[in-house]
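First up is the structure itself, then whatever we jot down about it.
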Amino acid sequence: MPCRSCRDCGIFWVFSPILTPYQLRMKTDELREKYLAFFETKGHTRVASDVLVPTWDPSVLFTPAGMNQFKDHFLGKVKLDYTRATSCQKCLRTGDIDNVGRTAYHHTFFEMLGNFSFGDYFKRDAINWAWEFLTDKKWLGINPDRLTVTVYLDDEEAGEIWAKDIGLAKAKIERLDEGENFWPASAPSQGPDGVCGPCSEIYFHPDEGKSVEIWNLVFTQFNRVGDPPENLRPLPSKNIDTGMGLERTVATLQGVPTNYHIDNLMPIVQAAAEVCGVKYTLDSDAGRRCRRITDHVRACTFAVHENVYPGANKEKYVVKRLLRRAVLDGHQLGLRDPFLFKLVPFVVEAMRSAYPELTETTERVASVIQQEEANFFGTIDAGLNRIDRVFEDMRKENRVKVEGGVAAELYQTFGVPPELFEALAAEHNLTFDWEGYTRAMELHGEASGKVQHTVMGAKGPLDSLKHALHSTPFLGYETTEAAAVVKGIVVGESPDDHLCDQLDDLSHKAVRVVLDQSPFYGESGGQVGDSGKIIGKDFEFQVSDSHKDGQLIVHLGQLTKGVIREGDAVQAIVDTDRRQGIRRAHSATHILHHALQKHLGTHAQQQGSKVDCDWLRFDFTNLSPVTAEQISAITQDVNKHVDEAKPVKWETLPLAEARKQGAMMLFGEKYPDPVRMVSMGSFSKELCGGTHLDNTAEVEAFEVLSEEGVSAGTRRIVALTGPQATQYSDQVCTAVRSASETIGCAQLALASNVSDLLEKQRDLKKLLTSGGVLPNSDAGEMATNLSSEEPKPSQAKEILTQVAKMLSVSPLAVPERVVALNEEVLALRDRLAQRAAAGPLSADALLAEATKVGDVQVVVAEAPTADANLMRQLIDQIRQKVSLSAVLLAATEGDDKVTLVAGISKDLQALGGHAGNWIKPVAQALGGGGGGRPDLAQAGGKEPERLSEALEVARHTIANMIEGKS
RNA sequence: GGGGCCGUAGCUCAAUUGGGAGAGCGCCGGCUUUGCAAGCCGGAGGUUAGGGGUUCGAAACCCCUCGGCUCCA
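121 is the number of the first residue of the first sequence in the working numbering; add one for each residue after it.
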């Protein structure tokens, strides 16, 4: 009985003989090439591997299979330039991540060979060619005796072809149910709805060990509609989608016991062992770790190469997790410093013949990995402290099992890996509650929200329109106003809503209208949708936003007058002012992109972008914050290009031609072919479907509002264009002028003056609390410098940014903050002046006014101009001089506040004196409250006019306290 | 996108939970010593990330902003 699923054959090689030098029959690069070449001879177009991280496809984070890049081909959504394709696709799946390294065949990153038919050939050819490729001496030449196949129970057609065409004995054709031989698995009974079909798998049987599934042929021929029975409708155009795991097939051809021993993975495994300082063996803990490191570093290398850096969400998070798992393996093997990055060159070397582009980014990739590694080692160090604390608590309470909940909490908040926790627990003879840990993590997963599954081919109200119209031609590149015909009206936004023939309800705010053609730009590529209006003979429709649904442009808005009917002839009019603002922002975005690459390096590629009316947000790759100087230089560079008034042109040309001309292409971006290329002067060429200016001069002005981090390795710039930029620039100048006037200094010297002012504030505060007085040299007003030289706008911005940083406020809040700061300094100076006038405060002076209660020296006095800290110091001095003493001082602050501090000497405390109890009734007499410790208490009140009354209370209270207790 | 944690001296961290901002290391000066993390004495160094609020009183409690860490999807 052949092994049906690789999930079962995890540890078979544990029993196989010790690793021996393998016989190389066919190299990995050779198989890859042969496969593609073979299907080329069968009329297939060789298609390059799609990117690993397809940002164009919201339904997946990583390319999970060879067919992914052909989804739209299968669904007939795109124009087919070919109906047969073959590819070798790099893929990444994390579903079986826990098995990586432990089993012979699991990977996260792997390559998938495939051949595809889009409504062209079907089962017969697919099966015959598969057999030919596998067994023909000219190709793989596998002994047919070593191969068996499986087919779906009800798939007579496939069974027939295997038996009759190929001539396989019946015993070699196994019939399996929908759980095994259907795609998606169990689709007929359990769904999901949509495209599906039976499949047929080919198994290889080695001399020893379990058999291996090396090729899966999927025959997509049905559309599932609801639950059985009769729920599988034949598709008008049937497709073929096959997948042959490259590593796995090579492993069988090379006769090695695990994929990790094939010719292009073994060198990485060996390198990992060397870096980790262990001897690699097949069946050992260290061996498993080396294989896991190999897999994960390969995955990380490809991901980082595509500018997906380890981060906090989505695909970035997956990369981070992969990287950390590998690093943790190294840590468990005793490493304490970054090591993974050293393996990057080995990955590149192994993969370069198929992916030569890797060699261009090796250094950057290694450095990104190294940095993240260093971070994680830091996290581990911090985690060790926390773990020690947990152990300490457990020792105190005599517990021996690490609670899963505690481990989960430590993991969730501080990233302390549970494996590490467990290992350390074992060293302390403590056990670890994995079950509780898993439970707690599941709870956390639920609390963090569920994922919304997007079902392939889900139906909405616009789908019938999509079939009828296919697409809405966009006229907006040439015009902002056009005649059109209403093709569809939908009220409401939920998928349950349906098309209606006409609408007269003016109250609906979310009405969608589709026209046969439109000048409105539907939101896409980061550019917001147009607004405007659609006017018919007897109605008016206000368009608040436009977006794209498939190839349709959907106008979203509200009917403001009359009745709109399907079939009405209308005039579609875009709000041109807003459109112009969007064009300014979009063209400026391209110029900015160019400037960033020029000033920061070519890695500073677009990660995301949003273009609105004279407002743009641009995310890009950069490891560190962009400095103020760089921002300034970039801003000037952008404005220089604006001033140079370069023409903006666009043309539609073949993708290959655009690439040849050096157009900027982004990883993960899916470009149509032919493609629209926007170029500005000779400095910028980008593939872009957005609306642009005719000349860079129309941008008018460009100002950066902010630069900030959005996640590790990604920075975000928000900027303004046109009138918005000019206005902002004016505000900046005004702010600098106003702040300078406040403190009476030259605008160009604002930064140093604010810095001085801050220093002054600190000095005065210190002086006030230490009981000093204003030195004569400081008595005068700050020298005013009325030099009225205006800074240039770019200077003003630099000055303001600098000052804003000093004051920790946003730039435009600087004037307000400077006013407050200035007032505070004046107030401080004022109080110090008062103190100087009132004469010095000293412990001796206060003691001179002390009264004696028994043997105790009691001081109850006003200490005008002192603050709480100074009063404490005076009390300390008195307590040091007189061993039996009680002191209570009061200071009024403004019109509505009194501060009290009371102290009791140590000897008096021993006799029962308590400062807290003393001060309470006094504070109450002032309409306040307070308290403190026996030796020192602090309180306050809000009625200074009752101060003398309160001081009487103080004298009585302390007298009673001393007499009562002693 | 959602959850959790943190931000105190140059560094690592305390602060009896709302009552006087500290320790160790490092730094500077002096003395004593020439042994490997030397000893002793003295000193500087703080807007407790920033802003607002509650309170007689906030490092601590509440809100906002900034920065960092971390998990989940």
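Virtual Cβ for every residue (Gly too), placed ideally from N, Cα, C.
All values derive from a computational prediction rather than experimental measurement.
Assumed close pair residue i, residue j - CB separation to whole angstroms, cut-off 8 Å
i	j	result
L623	V634	Not confirmed; about 13 Å, so no contact.
I998	L967	6 Å
P1054	T1012	That pair is no contact at about 26 Å.
K925	V852	Between V852 and K925 the Cβ distance is about 14 Å, and since that is not below 8 Å, they are no contact.
L825	L840	6 Å
S638	A567	The Cβ separation is near 44 Å, so there is no contact.
Through-space distance from residue j to residue i, alpha-carbon basis
i	j	result
F135	H164	Note that F135 has pLDDT 31, beneath the 50 cutoff, so the model's placement of it is unreliable and no number is given.
V874	K1001	43 Å
W554	V1042	59 Å
I293	M232	24 Å
R368	T148	10 Å
G649	R698	10 Å
E601	P593	14 Å
Y531	L172	29 Å
Y429	Q390	26 Å
K358	A705	45 Å
G900	E1069	Caution applies to G900, whose pLDDT of 44 falls short of 50 and renders its modelled position unreliable; the model cannot decide the point.
V978	N1037	16 Å
H381	K586	50 Å
I702	E818	12 Å
R857	T921	14 Å
A545	G503	13 Å
P349	E300	20 Å
I863	D1015	27 Å
I247	W282	7 Å
G287	E280	9 Å
Q725	H710	11 Å
N427	T741	7 Å
A392	M386	10 Å
Residue i burial status per 10 Å Cβ neighbour count (16 or more: buried)
i	result
L946	exposed
N989	exposed
K440	buried
H564	exposed
D658	exposed
S1003	exposed
E771	exposed
S591	exposed
N1080	exposed
R244	exposed
R737	buried
E879	exposed
A804	For the sequence presented, residue 804 should be read as Ser rather than Ala. Buried is the call here.
T414	buried
R411	buried
E493	buried
A765	exposed
P174	buried
A1010	buried
Cβ-heavy atom distance, residue i to the ligand SAH, below 7 Å
i	result
A859	Looking for the ligand SAH in the displayed structure turns up nothing, as the structure carries no ligands at all.
| message | Between the stretch 753-760 and the stretch 673-684, can you find at least three pairs of beta-carbon atoms closer than 8 Å? | response | no
| task | Give, in chain order, every unbroken run of the alpha helix (DSSP H) that is at least 4 residues long and sits entirely within the stretch 514-550. | result | 524-534 and 538-547
| task | Would you mind listing the alpha helix (DSSP H) stretches within the stretch 180-233 that are 4+ residues and don't spill past its ends, in chain order? | result | 191-194
| field | the stretch 663-672 / the stretch 712-727 touching (three or more Cβ pairs under 8 Å) | value | no
| query | Is the number of C-beta pairs between the stretch 174-194 and the stretch 210-218 that are closer than 8 Å three or more? | reply | yes
| message | For the pair the stretch 197-209 and the stretch 449-461, tell me if three or more CB-CB distances fall below 8 Å. | response | no
| Do three or more CB pairs link the stretch 1044-1062 to the stretch 1013-1027 at distances below 8 Å? | yes
| task | Kindly provide the ranges of any beta strand (DSSP E) runs that are 3 or more residues long and lie completely inside the stretch 752-817, ordered along the chain. | result | 768-773, 795-800 and 804-807
| task | Evaluate contact between the stretch 434-451 and the stretch 531-540, counting only Cβ atoms and requiring at least three cross-stretch pairs below 8 Å. | result | yes
| In chain order, which continuous runs of the beta strand (DSSP E) of length 3 or greater are located wholly inside the stretch 820-859? | 822-831 and 834-841
| Sequence ranges, beta strand (DSSP E) only - wholly within the stretch 346-374, length at least 3 | 352-365
| request: Could I get the ranges of all uninterrupted beta strand (DSSP E) runs contained in the stretch 451-475, with 3 residues as the minimum, in chain order? | output: none
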